[in-house]
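**Student:** Submitted below is the structure of interest, expressed as structure tokens.
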Amino acid sequence: MTQTTPWRMRQECRGLSGIGAGTPVMTPGGPVAAGRLRAGDRVITFDAGAQRLAHVSASDLPVAAMLRISPVVLTPGDGAPDMLVAAGQMLLVRGWRARAMFGRDAALVAAARMADGAYIAPVGGVGTARLITLGFAGAARIVQLGGGIEVQGACVTAPAMAPPTRAR
Numbered sequence: 019m020t021q022t023t024p025w026r027m028r029q030e031c032r033g034l035s036g037i038g039a040g041t042p043v044m045t046p047g048g049p050v051a052a053g054r055l056r057a058g059d060r061v062i063t064f065d066a067g068a069q070r071l072a073h074v075s076a077s078d079l080p081v082a083a084m085l086r087i088s089p090v091v092l093t094p095g096d097g098a099p100d101m102l103v104a105a106g107q108m109l110l111v112r113g114w115r116a117r118a119m120f121g122r123d124a125a126l127v128a129a130a131r132m133a134d135g136a137y138i139a140p141v142g143g144v145g146t147a148r149l150i151t152l153g154f155a156g157a158a159r160i161v162q163l164g165g166g167i168e169v170q171g172a173c174v175t176a177p178a179m180a181p182p183t184r185a186r
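Quick note on numbering: our numbering labels position 17 of the sequence shown as 35, and the sequence is numbered without any gaps.
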């Protein structure tokens, strides 16, 4: 049986995304560094509450492709440490910020589009940083990070199965 994926979901599954290994991800038990999470762990999502991770992948990305985000820019007053994300990581911007910048109550925006050189800025330098991608079965979810930042996780779709062949 082949599972059809709605057009919207296919769109959500595209693009390089991920967060730095040390970035705190909210779980039912409190924040956990992204690099310590495993498939099956539950994380807090904005759109669906606590959800199990279908997969967690790690890769090394050149620091030139990463951005440093100061959480104070999206959630003032929290005092959380800066976080690293891939330039293509989708961020959820809500409230007055989304209305002022995008004319909507909420918007998913690539981190690179939000870069201002101060609060969201290139990491700079040479070398690599560990990038963690959190995947959910069937749909991309909005994951809550420490500091109140919300990012879109990857969606994991099972490969389409070949149709059954008839015996001859």
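Where is the CB? At the ideal position from N, CA and C, for every residue including glycine.
Predicted model only: the values in this text are computed from it and were never measured.
1. Please name the residue in Leu-163, Ala-72, Ala-157, Ala-172 whose C-alpha comes closest to that of Ala-51.
2. Could you please give the first and the last residue of the uninterrupted beta strand (DSSP E) stretch that includes Ala-129?
3. Thinking just about the alpha-carbon of each residue, which of Gln-107, Arg-112, Pro-89 is nearest to the one in Met-101?
4. Can you tell which of Gly-38, Gly-106, Arg-54, Ala-66 has its C-alpha closest to the C-alpha of Ala-155?
5. Any idea if Arg-159 is buried or exposed, counting beta-carbon neighbours within 10 angstroms, 16 or more meaning buried?
6. Could you give the uninterrupted runs of the beta strand (DSSP E) lying entirely in the region 30-90, keeping only those of 3 residues or more?
7. Is the region 69-89 touching the region 126-140, taking contact as three or more C-beta pairs under 8 Å?
8. Give the DSSP-derived three-state secondary structure of Gly-142 in the structure shown.
9. Going by C-alpha distance, which of Gly-145, Leu-152, Leu-79, Ile-37 is nearest Val-61?
10. Is the distance from the Cβ of Ile-150 to the Cβ of Gly-38 below 9 Å?
**Tutor:** The relevant details are as follows:
1. Of the listed residues, the one whose Cα sits closest to Ala-51 is Leu-163.
2. Under the DSSP assignment, Ala-129 falls outside any beta strand (DSSP E), being part of the alpha helix (DSSP H) whose first and last residues are 129-132.
3. Nearest to Met-101 by alpha-carbon distance, out of Gln-107, Arg-112, Pro-89, is Pro-89.
4. If we check each option's Cα against that of Ala-155, Ala-66 comes out closest.
5. In the assembly as shown, Arg-159 is a buried residue. Its beta-carbon has 16 or more other beta-carbons within 10 Å.
6. When DSSP assignments are scanned along the region 30-90, the uninterrupted stretches of beta strand (DSSP E) that are 3 or more residues long and fall wholly within it turn out to be 42-45, 48-51, 60-63, 67-70, 73-80, 84-87.
7. Using a C-beta cut-off of 8 Å, the region 69-89 makes contact with the region 126-140, since at least three inter-stretch Cβ pairs fall below that distance.
8. Residue state, collapsed to three classes: coil.
9. Ranking the options by Cα distance to Val-61, first place goes to Leu-152.
10. Yes; because the gap between Cβ atoms is below 9 Å, this pair is in contact.
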